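All residue numbers for the sequence shown refer to the working numbering, where the first residue is 1 and numbers rise by one.
No residue lacks a Cβ here, since even glycine has one placed at the ideal position from N, Cα and C.
These figures come from a predicted structure and were not determined experimentally.
A short worksheet on the structure shown next.
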Amino acid sequence: MSCPACNCREVYTFDDENEPCDDRLQRCAACGHIFDLDDHADEEDEVSTP
C-alpha cells in the first residue's frame, strides 16, 4: 500500500477523534496526507496472480 498523493510506502493508521475504532484511515509518513484504505495507490512491485 502506498500514499495516493506522493506514492510513499510508509503509512500509519490515523486515529480519527470522531471514529476512534475505524482503522480504515491511513496517514502518509512523508507528506501527511490522510486517506482511506480503499483509496491507496497500487504498488508496482506487487505480484499479481493470473
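- C31 is classed as exposed because its beta carbon has fewer than 16 other beta carbons within 10 Å across all chains shown.
- The Cβ-Cβ distance between Y12 and R27 falls below 8 Å.
- If you ignore the 5 residues before and after R9, its C-beta comes within less than 6 Å of the C-beta of S2, all in its own chain and listed in chain order.
- Rounded to whole angstroms, the gap between the alpha carbons of A5 and D39 is 10 Å.
- Within its own chain, the residues whose Cβ lies closer than 7 Å to the Cβ of A29, once the five positions on either side in sequence are excluded, are C8, E10, V11 and Y12, listed in chain order.
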